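Below, the structure is given as structure tokens:
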């Protein structure tokens, strides 16, 4: 398996047929995830980041997926459902945003974890339960044997998210896709959960896809970053590069809109004007141009022509802005 | 749990007492004179006055009410002197029409009503749940649309219409079944079923249509829950995702509705029993209403309230058993 990335996604597109027309939720996205590394996918709601992850997991119900997604070199897109099902939970697992709704209210935490373990590994109920208690301990839940018998509503938000992570870890997957895993949590708990994920990654060599709208989370955990806008990739770079030298006007807008402690007193928070584009009737050309300050200042026919693709702008750094020479000047 | 049960039982007792008082008050306000009713035709004014004294109808309303309630639990002696009649526990008084104890009248007819209600419930649950779940899982298909149009049509048919059509087709034209008459299960189980098929079908069709629509909505709603997606993300087979993670929560509201419907029907399906001349509690109620047979009407009202309130309690207990979140209440 050497030389082969854990997950390689190429030209992945997802569209839904709705009553109002076809929604192109994801348009030709490429990325790879290596074992032991974290890819951060960042974007606003509707940017296609969650749909991308659901498509990889084969959980995009009612959507049409094209392109390629290879896990350990094995094609997932178009593979028989039964084959994908055996990989789900076992080789690739998912951590969802709101553990209160994502965990089943009727079953104990221990039962829910044991169920996944037995599905993939078989064995006795007793063994599956022991495994559930073990992983609950691994994710830092105190008194795991007692808490395994409790229901999700008896857990605090942070503990519930840990339990959700324990569920994902129970079958020792190689890849974890975490969709906004900390969005519903307090900042302090958020930090704990992120640290836990990073520690588990170090211990087990997990590949992680971290989906978030929060650049703070990205800065903390990601090795590589993919910025998505309107269903397409806007910019892709190593995390350090992206934060130090963003190239796409959208990425800059995102970074500028972060509140900063070192900002001058009374300085207003900056935001990107306008709203995310409609996926049903997307603007022609670059999806960001109606909100783009660079386009507003130095409009260019290329911005409204063909949809711009990612181009290499520096080593390992790609941006989809056709006005790169303007923005970096 | 014991505290919960005790609170619910106390609330149940209060509810029944209030219903009892309201029913009692309503009858006091009616223009019919119970003494004249009891006395029968061609009764002299003197005799009516005597009856009134014997029945204690000259006492204040609250005293009469107290006597009635006490009679239910401890029995009471009606009348005085040579006319005195001992009415044992549980005493709901005597019918003005037949001079039979109300309790005996009701208990004689209860098996008929219970047979009708329980048999119909089995039928409508099988039909309603089957159609509802099938429709939900095939949502939007021609099968779903056909079934849903069908259920609207059936739900719109009045019971007497369905009964008439069934009687005409099955009994008159087809000659497949005898004209229904009630035969006790203990007497001849085969005839019991054969004679109840038409009443069961009549009653069940209407309920099945409502249950199918409700089940369909509930299943569709539940299958869109995040915890169902989690079950898929764990790699469980679809059969288990639907059967265990989807249907259990989806059917909880159906169980609630079943409790209420069954509670009401145990004390008689008024129209269906009358249509098929089944000697049930509903038929007794209809006849008593026609003849203003006050004690019988009161007795049946209380019996019906008792069934509804107790089935509510059963539903709550079942609910707490299914959904751990409800155990806190």
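Protein chains in written order, with this note's numbering: chain A, 106 to 434; chain B, 199 to 527. Beta carbons are placed, not taken as given, at the ideal position from N, Cα and C, and that holds for glycine. From a predicted model like this one, the values you see are computed outputs, not experimental measurements.
| Asked | Found |
| --- | --- |
| For residue 276/B: DSSP bridge partner residues | 283/B |
| Cβ-based contacts, 9 Å cut-off: residues of the region 428-443 of chain B near chain A | 428, 429, 430, 431, 432, 433, 434, 435, 436, 438, 442 and 443 |
| Bridge-paired residues (DSSP) for residue 312/A | 280/A |
| Neighbour-count burial assignment, residue 399/A, 16 or more Cβ in a 10 Å radius | buried |
| Coarse secondary structure for residue 199/B, derived from DSSP in three states | coil |
| Proximal residues of chain A, C-beta to C-beta of residue 520/B below 9 Å | 211 |
| Where the region 257-268 of chain A meets chain B: residues whose CB sits under 7 Å from a CB there | 258 |
| Under 9 Å by beta carbon: chain B residues contacting residue 225/A | 432 and 433 |
| Nearest-angstrom Cα separation, counted from residue 450/B out to residue 210/B | 22 Å |
| Within chain B, the residues that residue 127/A reaches when beta carbons sit closer than 9 Å | By Cβ distance, chain B contributes nothing, its closest Cβ being about 17 Å from residue 127/A, past 9 Å. |
| Below-8 Å beta-carbon distance, residue 274/A vs any chain B residue | no |
| Residue 132/A burial status per 10 Å Cβ neighbour count (16 or more: buried) | buried |
| Runs of alpha helix (DSSP H) lying entirely within the region 428-483 of chain B, each at least 4 residues, in chain order | 445-464 and 468-473 |
| Proximity winner among 115/A, 187/A, 185/A and 196/A, relative to residue 310/A (alpha-carbon distances) | 196/A |
| Sequence-distant residues of its chain with Cβ nearer than 8 Å to residue 429/A (five each side left out) | 352, 416 and 418 |
| Local Cβ density within 10 Å of residue 311/B, reported as buried at 16 or more and exposed below that | buried |
| Supposed contact pair residue 407/B and residue 349/B - C-beta distance, whole angstroms, cut 8 Å | 4 Å |
| Interface partners of residue 425/B on chain A, CB under 8 Å | 206, 207, 208, 209 and 210 |
| Whole-angstrom C-beta distance between residue 496/B and residue 213/B, which should lie under 8 Å | At roughly 16 Å, the Cβ-Cβ gap does not stay under 8 Å, so residue 213/B and residue 496/B are not in contact. |
| Beta-carbon spacing of residue 193/A, residue 432/B below 8 Å | yes |
| N- and C-terminal bounds of the beta strand (DSSP E) containing residue 122/A | 112-123 |
| Exposure of residue 434/A, with buried meaning 16 or more beta-carbon neighbours within 10 Å | Low local confidence applies: a pLDDT of 48 at residue 434/A is under 50, so the model's placement there is unreliable, and no value is given. |
| Presumed contact (8 Å Cβ cut-off) between residue 110/A and residue 198/A, rounded CB distance | About 18 Å separates the two Cβ atoms, so there is no contact after all. |
| Residues that residue 194/A contacts on chain B, provided the C-beta gap is smaller than 7 Å | 431, 432 and 433 |
| Contact set for residue 288/A: own chain, Cβ-Cβ below 6 Å, skip 5 residues either direction | 202 |
| Burial state of residue 318/B, where buried means 16 or more other Cβ atoms lie within 10 Å | buried |
| Burial state of residue 363/B, where buried means 16 or more other Cβ atoms lie within 10 Å | exposed |
| Cβ separation of residue 270/B and residue 294/B, assumed to be a contact under 8 Å, to the nearest whole Å | At roughly 18 Å, the Cβ-Cβ gap does not stay under 8 Å, so residue 270/B and residue 294/B are not in contact. |
| Any C-beta of chain A under 8 Å from that of residue 446/B | yes |
| Residues near residue 464/B in its chain [Cβ-Cβ closer than 7 Å; skip 5 each side] | 311, 312, 315 and 505 |
| Pair within 8 Å by beta-carbon distance, residue 174/A and residue 137/A | no |
| Close beta carbons around residue 106/A, own chain, < 8 Å, minus the five adjacent residues each side | Summary for residue 106/A: the model assigns pLDDT 45, below 50, so the residue's position carries little reliability; its value from the coordinates is reported in the next sentence. Closer than 8 Å at Cβ, skipping near neighbours: 177 and 178. |
| Same chain only: Cβ atoms within 8 Å of residue 381/B, ignoring 5 sequence neighbours per side | 389, 390 and 393 |
| Sequence-distant residues of its chain with Cβ nearer than 8 Å to residue 374/B (five each side left out) | 368 |
| Proximal residues of chain A, C-beta to C-beta of residue 523/B below 8 Å | 210, 256 and 258 |
| Close beta carbons around residue 425/B, own chain, < 7 Å, minus the five adjacent residues each side | 443 |
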